[in-house]
Structure formats: C-alpha cells, structure tokens
Amino acid sequence: MGALTPLYAATSPETENLGGKYFIPWARLGEPLEATQDPKLGQDFWEWCEEQVKDI
C-alpha cells in the first residue's frame, strides 16, 4: 500500500488540477509543515548538504 498515494496523485483524473499540492497517506490532500515553506531554512539546508558532499 506504500505506492497508493503517489500512484493516485500521478494518475487519477481527480488530481489533474492539483499540481504542486501535498498528498498524505492514503491519497488525501494534506498541509506541508510550516518549516518547509521557509526559504531561509531551505537555503541553509542546501548549503549544509553541499558542505557534506564536497569531498565526494
């Protein structure tokens, strides 16, 4: 059942106009965490990730 939500979001005619929305199990619309909407936090995380893999 782990594939139900992404399969529903990708293939259901009901989701055709829901691009960019956040789906949660089991094929329901949800709200993203507030922290995921913070551009500064996103940039800080991006820079941290870059630092972690710079020597790979």
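If you're matching positions, the sequence shown starts at 0 in numbering that gives the first Met the number 0 and goes up one per residue.
Cβ atoms here follow ideal geometry from the backbone N, Cα and C, with glycine treated the same way.
If you draw a straight line from the C-alpha of residue i to the C-alpha of residue j, how long is it?
{"i": "residue 12", "j": "residue 40", "result": "34 Å"}
{"i": "residue 42", "j": "residue 33", "result": "15 Å"}
{"i": "residue 29", "j": "residue 23", "result": "6 Å"}
{"i": "residue 46", "j": "residue 52", "result": "10 Å"}
{"i": "residue 25", "j": "residue 16", "result": "19 Å"}
{"i": "residue 4", "j": "residue 10", "result": "10 Å"}
{"i": "residue 49", "j": "residue 31", "result": "24 Å"}
{"i": "residue 8", "j": "residue 2", "result": "10 Å"}
Take residue i as the anchor and find which of the options has the nearest alpha-carbon.
{"i": "residue 35", "options": "21, 54, 48 and 28", "result": "21"}
Just to confirm my understanding: we take residue i, look at its own chain, exclude 5 residues before and 5 after, and list those with CB closer than 8 Å. What are they?
{"i": "residue 18", "result": "none"}
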